[in-house]
Structures are given as C-alpha cells and as structure tokens.
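Enquirer: For the sequence shown, the residue numbers in the numbering used here are 86 to 549. All C-beta atoms, glycine included, are put in the ideal place defined by N, C-alpha and C. This structure is a prediction, so every number in the text was calculated from the model and none was measured. One structure is given below, represented as structure tokens, and several questions about it will come after.
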Amino acid sequence: MTRSNLIGGEMLNWSDLHPGDARPAAAGSAATALLAAVLQPEDSVLIAGPHAADLVTAVAGQVTSVDLLVRSAPDAEELAELLSTTKGEVVCGSLDRFPIDHKSGGYDVVVALDGLERLVGPDTAKFSWGEALARLQGQLAPGGRLLLGAENSFGFQRLVQPDIAAALPRDEDWGRDLSDRAPAGLKPLTAALAAHTGGVQTYAVFPSLTQAEVALSAVDGFAGVVAARHVASRNDGPVLMDPYRVVLDAAAAGLGLELAPAWYFVVGADAPGVLPAGVVPEGEGVLLEEHLLLALRCDDQAELRRVIPGYVAWLAAGGAGSPDNVILDGSSYRLFGEPQELDVVEHLERFAKRALESGSRQPWPAAADPHALTARLAAMAGITVPEREFSPDEVIRPRGSAEQLATVARLADELAHASARAILFEGTVSGIRRSLPYRVGHAVLNPARVIRRRLKRVLRKVRR
C-alpha cells in the first residue's frame, strides 16, 4: 500500500487514532463482526474516517483491495506503514476534497462506522451531513453496500450520566456551519438514509461507537438484558439513574432502539440480527433476577418460596449462576453467560445486594441489609445462614440519585404511617384508662396489690 498525494483539508499535527482530549476511533467486536458478515473476498473497499487499526487490518485480510480516507497526516503515515503489503492506498484529506471518480467504477463497499462528522477538518467552511452522505454514496459502484455509524445525541448516556465537561471547549470543537449537523433521532436519520439509498437495516450499538461491543437489530427480551449489562459496565460511578434498570425499563417499553447510544446502518446488504453471534441467548423464559424482584415488589412470598428452593436445588445439581445470570423457564433453570464459581449463600447474597442497589421495595422491614435479606431468602430453601460474630452494618445505597430519592420518599411514607399507627394506639390506650370499667377495676385491685406487698415484707422479716 502506498500513500497518495495530499488532497487538501489534511490535518498535519492531529491524530484521530491517538487523540488527546478527543474521542478515539471506531472499534469493538460488534464492528468486526459486522465487517465479517458483509464483506466478500472479491470486494474493493473504501474505509472513510477514523477506524481502529485492528479494524483496518481485519478488512485488509478479507478483501481484494482497500483504500483509506483519513484527515490526519500522522494517522495516514502510520496506516500506510501498517498495510505496506496490502493492495490499495491511503488518501489524506477532507471528504469534500475527495474526488467522486477516485475509484474507477466505484467501490463495492464503503465503510464509515465512525460516522460522518470526522471526515472534514477545521478549514471546511460548509459541508452538511447530507452532502457528506451523498459524497460517500457517489463512491459506490452500482449495487454497492454502505456501512454507516451515527451517535445518538439523546441516548441512555444523557439519562444516566451528565456530561459535566460539555461546556468546556476541546481541541476538536472548532467552529462548524449550522447545517453541518446529523439529523437528531433515529426516525429522521432513517428517513434521510432511505431518501438517499433505499432500504436500511438498523442496529442499536452498545455501549458506544468507539467501543461497539454488541449491535442489536431489536432491543427486547434477553437482548435488552445484554444491552443493560454493557451500559451499566460503562457507567460504574455516580449516576443520575441506575443504568441497568433504565435500559431494561426502556426495552420493556419498546424504546431500547431509539435510546441506544449509537446506531449502525447497513444499506444494500443483509447481516445477522445480533452482532457478534451468540451474545444473546435463545429460547423462552425470563431472567431469574427480574422474576424475584417482581415478587419482592408485589410481596408475593408464596412465589418466592416456590422459586428459591428450585433455584437452590439447581445450584446443588451443578448449576453455577447468580439470579442475574440465570434464565427461569417454567420450573427449569439454565445459565445466561459465564459460570460463576460461588457457593449457594454467596449467590443469594449477590442477589440481595443487587436488589438493594436497585432501590426495589422489600416486604420485610427487618431485612434492610444484605446479610438479613440473604438469611431470609436462604431460610426459604432450608439453609441457615449463621450470624456474623462482628461486622458493622453494611449499608447498600441504590445506584442512582433518582432511586435514592425514591427510597427516601418510600421510607418517609412508611415512617409516617408507622407514626400514625403509634398515635392511634396511644389514643386507644388513653381512652381505655379513662373508661369507667378500667377505673373500677383499678380501684378494686389496687388495695389487693398493697396488701400483697406488705405480706411479702412481713414474711421476709419472719424468715430472717
């Protein structure tokens, strides 16, 4: 591979592969799986925009020829050296300077999984998102395929984690024309793509374009659980709302695709509904953790006493998964993900901690800490959890600020009800004491008590 002449708009002292305060290049196992599913050995490919080096080398190993369009001069030099034995060339510059007829006959596949925003530099005065899409489409041969990525400006990341640095200018935040913006939201994006290209296959990407671990054509059922796990793993610090629960609730409401952090759009090709293959389990059932949490919220202790012994028996028979990693299908259990080498009590304790972190209502006021809740659940399966000799009370706070506020409100309401019952009880006792039967009984019994006490004192003196 030889590097072509600069075409204009190149950035000489800038790197998208090794950025300072900018976001990194597109990468991830979902991106690799998508390329493997769409590319054919005889294809000629154009990779436009920042893509991780392992993605570029993966494409080069699958197709006949590959050209690269990057705006960074250092990146162009690095990629040209990396692919020195590959057929193709590296073009350094801006997309608006890239000639339409650069490839005779056009490319079989154009790959822009990083999106269209980083295909131009600061000296591109006006080049809208629609114009960039049309320019890429113009590089395709008749019947060619387009793989495009796009970030969601109002995805789960906006709901669970405030971007406190959003108002701070970064090196890549140079001025852009007002029209240089992608359509906001999934429906406008899909409509714009359909107007330019025809049929579009859409994937929700988690947890981001730069770390695309999984891409899902539908975010429901077990796919929603997979998406929730990836979002939660990316947001493990203080959050506005519990990321895991937000994604699951959105998936249950049919909003998982619209609120995904990013999307892949596949035009002119068919790809599997889940990328990479096998990350979403097949078959019927429900996540055991969700079933148990619902039973806790509904105070359905009969269901808890039915399911917990069955789950413990499954663990005793060789099962190795906590409730968040087990699928319940009727009365059968199967693993969802990697085995977890824990004993029975540790599996139940993991569920207890996750239940408290979710802010879920507990039907037992005394089971407000993980150990007490674990002991109560284990007792349903005939297991006695010994009391700890000494340990300070372990306080498990709900993950998100919203769940913490909801928990405080619920506890305040329960305290108010308990206080009202105490006042009612005190009034009832006071009324009994003022009643005539009580006063008569007190008057009759009081002299008898006095005589009894005096007799006891006399008997003690005689014994001495």
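1. With distances taken between CB atoms, is the gap from P450 to L441 smaller than 8 Å?
2. Should N98 go down as buried or exposed, given a rule of 16 or more other Cβ atoms within 10 Å for buried?
3. For G215 and A277, which I take to be in contact (beta-carbon distance under 8 Å), what is that distance rounded to the nearest angstrom?
4. So A173 and S150 are in contact, right, with Cβ under 8 Å, and what is the actual spacing, rounded?
5. I think H136 touches A111, with their Cβ atoms under 8 Å apart; what is that distance to the nearest whole Å?
6. Look at the alpha carbon of G310 and the alpha carbon of V332, and state the distance between them as a whole number of angstroms.
7. What does the alpha-carbon distance come out to for the pair A354 and A145?
8. Using C-beta distances below 8 Å, list every residue in its chain close to L462, excluding the 5 sequence neighbours before and after it, in chain order.
9. Could you compute how far the alpha carbon of D334 sits from the alpha carbon of M96?
10. Determine the DSSP secondary structure at R230, reduced to helix, strand or coil.
11. List the residues that DSSP assigns as beta-bridge partners of H136.
12. Using DSSP's beta-bridge definition, name the partner residues of P184.
13. Residues bridged to I481 by DSSP?
14. For the alpha helix (DSSP H) containing S189, list its first residue and its last residue.
15. For R419, which beta-bridge partners are listed by DSSP?
16. Output needed for A313: all residues of its chain with C-beta closer than 6 Å, excluding positions within five of it in sequence on either side, in chain order.
17. Taking Cβ to Cβ, would you say V195 is nearer than 8 Å to L140?
18. Checking 8 Å against the spacing of the C-beta atoms, do L233 and A197 come in under that value?
19. Take G322 as the anchor and find which of Q246, A380 and P346 has the nearest alpha-carbon.
20. Beta-carbon separation of P346 and Q242 under 8 Å?
21. How is the beta strand (DSSP E) around T287 delimited, first residue to last?
22. Would you call the CB atoms of A405 and P424 closer than 8 Å?
23. Here's a check: name, in chain order, each residue in its chain whose Cβ is nearer than 6 Å to the Cβ of F307, leaving out the five neighbours to either side.
24. Could you please give the first and the last residue of the uninterrupted alpha helix (DSSP H) stretch that includes V364?
25. Is it right to say I412 is buried, meaning 16 or more other beta carbons lie within 10 angstroms of its own, or is it exposed?
26. I need the straight-line Cα distance from G93 to G178, nearest angstrom please.
27. Within 10 angstroms of its Cβ, does T459 collect 16 or more other Cβ (buried), or is it exposed?
28. Bridge partners of W552, per DSSP?
29. Figure out for me which residue from A133, L490 and L496 has the closest Cα to the Cα of R220.
30. Is P448 near Q489, with beta carbons less than 8 Å apart?
31. Suppose you measure from the CA of G200 to the CA of A143; what does that come to, to the nearest Å?
32. Does the beta-carbon distance from A336 to V290 come in below 8 Å?
33. CB-CB under 7 Å to N320, same chain, minus the five flanking residues each way: which ones, in chain order?
Expert: The answer reads as follows:
1. Mapped onto the sequence shown, residue 450 falls at position 365. Mapped onto the sequence shown, residue 441 falls at position 356. With contacts defined by Cβ atoms closer than 8 Å, P450 and L441 do not form a contacting pair.
2. For the purposes of this step, residue 98 is taken as the residue at position 13 of the sequence shown. Burial call: exposed.
3. Along the sequence shown, one-based indexing puts residue 215 at 130. Along the sequence shown, one-based indexing puts residue 277 at 192. About 7 Å separates the two Cβ atoms, so the contact holds.
4. Counting from one through the sequence shown, the residue named residue 173 turns up at place 88. Counting from one through the sequence shown, the residue named residue 150 turns up at place 65. The question names Ala, yet the displayed sequence has Gly at residue 173. Confirmed, about 5 Å.
5. Locating residue 136 in the sequence shown gives position 51, counting from the first residue. Locating residue 111 in the sequence shown gives position 26, counting from the first residue. Separation of the CB atoms of H136 and A111 is rounded to 5 Å, and the pair is thereby assigned contact status at 8 Å.
6. Numbered from 1 along the sequence shown, position 225 holds the residue referred to as residue 310. Numbered from 1 along the sequence shown, position 247 holds the residue referred to as residue 332. Checking the sequence shown, residue 310 turns out to be Val, not Gly. About 8 Å.
7. Against the sequence shown, residue 354 aligns to sequence position 269. Against the sequence shown, residue 145 aligns to sequence position 60. When rounded, the distance between both Cα atoms is 19 Å.
8. The sequence position of residue 462 within the sequence shown is 377, counting from 1. The residues are L389, I393, L433, F436 and A437.
9. Your numbering for residue 334 matches position 249 in the sequence shown. Your numbering for residue 96 matches position 11 in the sequence shown. Straight-line spacing of the CA atoms in D334 and M96 works out to 44 Å.
10. Working through the sequence shown from its first residue, we reach residue 230 at position 145. Strand at R230.
11. Locating residue 136 in the sequence shown gives position 51, counting from the first residue. The beta-bridge partner set that DSSP reports for H136 consists of A111.
12. Locating residue 184 in the sequence shown gives position 99, counting from the first residue. DSSP output for P184 lists no bridge partner at all.
13. Counting from one through the sequence shown, the residue named residue 481 turns up at place 396. Bridge partners of I481: none, in fact.
14. As a working note, residue 189 is residue 104 in the sequence shown. Where S189 is concerned, there is no enclosing alpha helix (DSSP H), given that its DSSP letter is neither H nor E.
15. Working through the sequence shown from its first residue, we reach residue 419 at position 334. Answer by DSSP bridge pairing, in chain order: I412.
16. The sequence position of residue 313 within the sequence shown is 228, counting from 1. Only Y329, V332 and L333 meet the Cβ criterion.
17. In the sequence shown, counting from the first residue as 1, residue 195 sits at position 110. In the sequence shown, counting from the first residue as 1, residue 140 sits at position 55. V195 places its beta carbon 8 Å or farther from that of L140.
18. Start at 1 with the first residue of the sequence shown, and residue 233 comes out as number 148. Start at 1 with the first residue of the sequence shown, and residue 197 comes out as number 112. Annotated as proximal: L233 and A197, with beta-carbon spacing under 8 Å.
19. Taking the sequence shown and counting its residues from 1, the one referred to as residue 322 is at position 237. Per the Cα distances, Q246.
20. Indexing the sequence shown from 1 puts residue 346 at position 261. Indexing the sequence shown from 1 puts residue 242 at position 157. Yes; because the gap between Cβ atoms is below 8 Å, this pair is in contact.
21. By 1-based counting over the sequence shown, the position of residue 287 is 202. V285 to S293 is the span of the beta strand (DSSP E), which, as asked, contains T287.
22. Here residue 405 is taken as the residue at index 320 of the sequence shown, counted from 1. Here residue 424 is taken as the residue at index 339 of the sequence shown, counted from 1. With contacts defined by Cβ atoms closer than 8 Å, A405 and P424 form a contacting pair.
23. Translated into the one-based positions of the sequence shown, residue 307 becomes position 222. If we look at F307 and ignore the five residues flanking it on each side, its Cβ neighbours are V365 and P366.
24. As a first step, residue 364 is located in the sequence shown; it is residue number 279 there, counting from the start. From DSSP, V364 is part of no alpha helix (DSSP H); its letter is neither H nor E.
25. As a first step, residue 412 is located in the sequence shown; it is residue number 327 there, counting from the start. Around the beta carbon of I412, a 10 Å sphere encloses 16 or more other beta carbons of the protein chains shown; the residue is thus reported as buried.
26. As a position in the sequence shown, residue 93 is number 8, starting the count at 1. As a position in the sequence shown, residue 178 is number 93, starting the count at 1. Straight-line measurement puts the Cα of G178 at about 5 Å from the Cα of G93.
27. Here residue 459 is taken as the residue at index 374 of the sequence shown, counted from 1. T459 is buried by the Cβ-count criterion.
28. Any answer about residue 552 is impossible in this case: the structure gives the chain only from 86 up to 549.
29. Stepping through the sequence shown from its first residue, residue 220 is reached at position 135. For R220, the closest of A133, L490 and L496 by C-alpha to C-alpha distance is A133.
30. The count along the sequence shown starts at 1 and reaches residue 448 at position 363. The count along the sequence shown starts at 1 and reaches residue 489 at position 404. Annotated as distal: P448 and Q489, with beta-carbon spacing of 8 Å or more.
31. The sequence position of residue 200 within the sequence shown is 115, counting from 1. The sequence position of residue 143 within the sequence shown is 58, counting from 1. About 19 Å.
32. Start at 1 with the first residue of the sequence shown, and residue 336 comes out as number 251. Start at 1 with the first residue of the sequence shown, and residue 290 comes out as number 205. No Cβ-Cβ contact shorter than 8 Å links A336 with V290.
33. Residue 320 sits at position 235 when you count from the first residue of the sequence shown. Apart from sequence neighbours up to five positions away, the residues of its chain that approach N320 with a beta-carbon distance below 7 Å are V245, Q246 and P328, ordered along the chain.
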